[in-house]
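Undergrad: Residue 323 is where the sequence shown ends in UniProt numbering, and the numbering goes up by one at each step.
For every residue, glycine included, the Cβ atom is placed at its ideal position computed from N, Cα and C.
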Amino acid sequence: MTSEHVKCLIIGSGPAGYTAAIYASRANMHPVLYQGGQPGGQLTITNEVDNFPGYPTGVQGPQMMQDLESQARRFGTDIRYGMVTKVEFSGQPSLGTPHRAIVDDKHEITADSIIISTGASAKWLGLPSEMRLNGRGVSACAVCDGFFFRGQDVAIVGAGDTAAEEASYLANLCRKVYMLVRRDEMRASQFMQKRVKTAPNIEILYNTATEEVLGDEDVTGVLVKDMVTGEERVLDVTGFFVAIGHKPNTGIFQEYLELDDNGYILTEKGSTRTNIPGVFACGDAQDNIYRQAITAAGTGCMAALDAERYLVTLEMQNEEFVH
C-alpha cells in the first residue's frame with residue numbers, strides 16, 4: 001500500500017467540497033480532494049439550476065460543477081478520482097499522530113485536517129422510468145425544480161413532513177398537486193397534515209402506489225394503482241417529485257463521528273467542527289434541513305476557514321513544543 005501525508009484532505013466533491021477546496025487552496029493549505037463515487041455530487045444529474053447566484057440565465061448542473069472544479073484547480077487544489085473507503089480518526093494531530101484515510105483500499109493518506117463533504121443521496125422508488133426521466137420531469141427536490149412547473153399539474157410521492165412541506169411549496173406554483181400516499185394515513189405532523197389538507201389545489205390520494213412514470217422524452221403522466229381495489233389510472237402530470245427522504249453518505253464515519261438518528265454528521269453549533277479535533281463536516285452530509293447548493297457552498301467555506309484556524313493553532317502548539 002502506498003502512503004503520503006497531506007495538510008488538508010477533502011473527502012467528496014460537489015458545491016461543498018469544491019468551495020472548501022477553493023478557500024483551502026487560497027490559504028496555502030495545499031488540499032487534496034478525492035471526488036468520490038459521483039464526482040460533482042447530485043447536481044451532475046440535475047439539468048437546469050436556476051437559483052444559484054451568479055448565473056442570471058441559469059446553468060446546467062454538470063456545467064456548474066465543472067466551473068467549480070476548474071476554479072478549485074486554478075488555485076492549486078490536487079483533485080483526484082477515487083473514493084475514500086475507510087477512515088481512522090483515532091489520531092491526535094496535536095501530538096504528532098495524524099488521522100488516516102484509505103483510498104480505493106490501496107492508498108493510505110495521513111492528514112493534519114480532514115474536511116468531509118460526501119453529501120447525501122435522494123431515496124428513489126426504484127422504477128426504471130423514474131431513472132430514465134430523471135431531470136426531465138422527475139425530481140427529488142421541489143424547492144430546486146418546482147419553478148419550472150409553474151401553472152402545470154404535478155404529482156409528489158411521500159407522506160412525511162418533507163413531502164407535505166414540498167407539496168405546499170409546489171401548490172404555490174402549480175395548478176394542481178397530487179400527493180401520493182401508499183397507506184391510509186400520513187406520517188407528517190398534524191400541523192403539516194392540516195396545511196396540505198386545507199390547500200385548495202392539493203389532492204391527497206391515499207392507498208396509492210406509483211406503478212410507472214410515463215413519457216418518452218419528458219414526463220407526460222403517472223400510472224398509479226389503488227392498493228385497496230387494485231384499480232389503475234393515469235394522472236395527467238408533467239412533473240413527478242419524490243419526497244421519501246435522503247440518505248447521507250456517512251457510513252464509513254459512524255465508528256468515529258457523532259451522527260443523528262438519520263445518519264447526518266453532528267457539528268458544533270455555528271461551526272463545522274465534529275466531535276473529533278481536526279475533522280470538519282460540510283454540505284448535505286451534515287445538513288438535513290436546507291440541502292441546497294448555495295447552503296452547501298456556504299458550509300464548505302466555513303469548513304475551510306475552521307480547518308485553517310485549527311492548523312494555525314496546531315502549528316503554534318508544535319512551535320512551543322519544539323522550543
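Report the rounded CA-to-CA distance for ARG26 versus ALA304, giving the unit in angstroms.
TA: So the two alpha carbons sit approximately 10 Å from each other.
Undergrad: Can you tell me which residues form a DSSP beta bridge with ARG80?
TA: Paired residue(s): TYR34.
Undergrad: Measure the alpha-carbon distance for TYR169 versus THR250 and round it to whole angstroms.
TA: TYR169 and THR250: Cα-Cα distance of roughly 29 Å.
Undergrad: Give the C-beta separation of ALA111 and CYS8 to the nearest angstrom, bearing in mind that I take them to be a contact with Cβ-Cβ under 8 Å.
TA: With a Cβ gap of about 7 Å, ALA111 and CYS8 count as contacting.
Undergrad: Have a look at ARG291, PRO248, ALA16 and VAL242 and flag the residue whose alpha-carbon is nearest the alpha-carbon of GLY135.
TA: Of the candidates ARG291, PRO248, ALA16 and VAL242, the one whose C-alpha sits nearest the C-alpha of GLY135 is VAL242.
Undergrad: If you check the beta carbons only, do GLN286 and TYR264 fall under 8 Å apart?
TA: Going by C-beta atoms, GLN286 is nearer than 8 Å to TYR264.
Undergrad: Does any residue of chain D have a CB that is nearer than 8 Å to the CB of ALA209?
TA: Annotation note: the requested chain D is absent from the structure, which comprises a single protein chain.
Undergrad: Comparing alpha-carbon positions, which option in GLU166, GLY300 and SER94 lies nearest TYR23?
TA: If we check each option's Cα against that of TYR23, GLY300 comes out closest.
Undergrad: Nearest CA to the CA of MET179: which residue from ILE202, ILE102, ARG273 and THR97?
TA: Here the closest residue by C-alpha is ILE202.
Undergrad: Starting from LEU68, trace the beta strand (DSSP E) both ways and give me its first and last residue.
TA: Per DSSP, LEU68 belongs to no beta strand (DSSP E); it is in the alpha helix (DSSP H), 61 to 74.
Undergrad: Alpha carbon to alpha carbon, what distance is there between GLY146 and VAL32?
TA: Distance between the alpha carbons of VAL32 and GLY146 is about 36 Å.
Undergrad: In the DSSP output, what is MET179 paired with across the bridge?
TA: BP columns for MET179 point to ILE156 and ILE204.
Undergrad: Does DSSP put GLU48 in a helix, a strand or coil?
TA: Correct three-state label for GLU48: strand.
Undergrad: Between the alpha carbons of VAL157 and ARG175, how many angstroms are there, rounded?
TA: VAL157 and ARG175: Cα-Cα distance of roughly 17 Å.
Undergrad: Return helix, strand or coil for GLU231, following the three-state DSSP convention.
TA: GLU231 falls in the coil class under three-state DSSP.
Undergrad: What residue range does the beta strand (DSSP E) around GLU4 cover?
TA: Counting along the chain, the beta strand (DSSP E) containing GLU4 begins and ends at 2 to 11.
Undergrad: Helix, strand or coil for GLN292, going by three-state DSSP, please let me know.
TA: Residue state, collapsed to three classes: coil.
Undergrad: Check for me: the beta strand (DSSP E) holding SER113 runs from which residue to which?
TA: Its beta strand (DSSP E) spans residues 107 to 116.
Undergrad: Contact check, LEU127 vs VAL219 under 8 Å by CB: the rounded distance?
TA: 12 Å between Cβ atoms; not a contact.
Undergrad: What does a CB cutoff of less than 8 Å around ASP67 pick up in its chain, not counting 5 residues either side in sequence?
TA: Counting only Cβ-Cβ distances below 8 Å, and skipping sequence neighbours, we find VAL59.
Undergrad: If you count every other CB in all the chains shown that lies within 10 Å of the CB of GLY37, and 16 or more means buried, which is it?
TA: It is exposed - the Cβ of GLY37 has fewer than 16 other Cβ atoms within 10 Å.
Undergrad: If you check the beta carbons only, do ILE276 and SER117 fall under 8 Å apart?
TA: No; because the gap between Cβ atoms is not below 8 Å, this pair is not in contact.
Undergrad: Hey, would you say VAL154 sits closer than 8 Å to THR238, going by beta carbons?
TA: Contact flag set, yes.
Undergrad: Which of the three DSSP states, helix, strand or coil, is assigned to ARG100?
TA: Three-state DSSP puts ARG100 in a strand.
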